[in-house]
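Reading through the structure tokens given below for one structure.
In UniProt numbering, the protein residues as written are 1 to 224.
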């Protein structure tokens with residue numbers, strides 16, 4: 001497994017919104033954009049969470065393969081990170097279905113199940129966002145090096161120091177962008193989903209710069 005392989009797979013991990021919307025687009029196109037709430041309800045897209053899980057699943061497989069090749073346990077820790085991504089993606093998908101069904105029924109047992117689904121979703125997302133935020137900064141960007149001459153960073157830097165102090169907290173904030181959905185801001189779910197997708201696209205672009213920088217520094221340090 002080469003760097004370009006898992007780098008591209010990481011890019012796909014930020015395209016979950018595209019997986020969600022593609023199925024809806026096909027359905028809407030098939031019905032000529034007529035009466036979409038009736039023709040394309042969320043409940044018929046039960047398979048889209050599994051489609052959205054493909055990128056983290058591919059990265060999980062790559063991590064296992066890298067462990068088999070190198071026997072370095074850090075790849076198993078990385079693989080565990082992608083299992084949390086799969087869990088949060090599935091929880092997000094089925095939470096959407098629960099919310100769509102909530103409009104159709106007010107049965108007490110269903111409302112209790114919906115509340116349980118909300119708790120499960122929040123727990124999965126907190127675990128995933130915390131795990132990935134730490135991994136982004138510590139492993140992918142190579143920051144938080146102990147004893148570094150640059151506080152909380154690393155010795156070798158390509159960009160200005162202040163950019164790291166801005167980018168790292170911003171990355172964490174954007175990793176928790178899903179909280180916009182939990183906040184109940186009164187906006188339509190489609191709008192919030194689109195905004196969070198844009199925020200994730202920006203986060204990934206920012207991530208790319210520091211990830212490539214760290215890879216370049218490591219290659220130079222190892223004379224590769």
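Ideal Cβ positions, reconstructed from N, Cα and C, are used throughout, including at glycine.
Quick caveat: nothing in here was measured; it's all calculated off a predicted structure.
| field | Three CB pairs or more closer than 8 Å across the segment 33-51 and the segment 92-99 | value | yes
Exercise. What residue range is occupied by the uninterrupted alpha helix (DSSP H) comprising residue 22?
Worked result: 16-30
Original post:
What residues in its chain sit with their C-beta under 6 Å from that of residue 131, if we drop five residues either side in the sequence?
Top reply: 81, 84
Less than 6 Å between C-beta atoms, sequence neighbours within five positions excluded: which residues of the same chain meet that for residue 142?
154, 214
C-alpha distance - residue 39 paired with residue 5, whole-angstrom precision: 39 Å
Fill in: residue 34 in three-state terms, based on DSSP
coil
query = Less than 9 Å separating the beta-carbons of residue 116 and residue 175?
reply = no
Which runs of the alpha helix (DSSP H) spanning at least 4 residues fall entirely within the segment 38-109, listed in chain order?
-> 48-52, 54-70, 74-102
DSSP three-state label for residue 136, please.
helix
query = In this structure, does DSSP put residue 129 in helix, strand or coil?
reply = helix
Leaving out five residues on either side along the sequence, give the residues of the same chain with a beta carbon under 7 Å from the beta carbon of residue 201.
14
Worksheet entry | Three-way DSSP call (helix, strand, coil) for residue 158 in this model | coil
Take the Cβ of residue 227 as the centre, count every other Cβ of all protein chains shown within 10 Å, and call the residue buried at 16 or more, exposed below. Given that the chain is displayed from residue 1 to residue 224, the structure contains no residue 227 and the question cannot be resolved.
For residue 181, count neighbouring C-beta atoms within 10 Å of its own C-beta (all shown protein chains included) and say buried if the count is 16 or more, exposed if not. buried
message = DSSP three-state label for residue 209, please.
response = helix
Practice prompt. Would you mind sorting residue 211 into buried or exposed? The rule is 16 or more other CB atoms within 10 Å of its CB.
Written response: buried
Exercise for review: Report the rounded CA-to-CA distance for residue 26 versus residue 19, giving the unit in angstroms.
Suggested key: 11 Å
- Query: In whole angstroms, what separates the C-alpha of residue 183 from that of residue 119?
  - Reply: 13 Å
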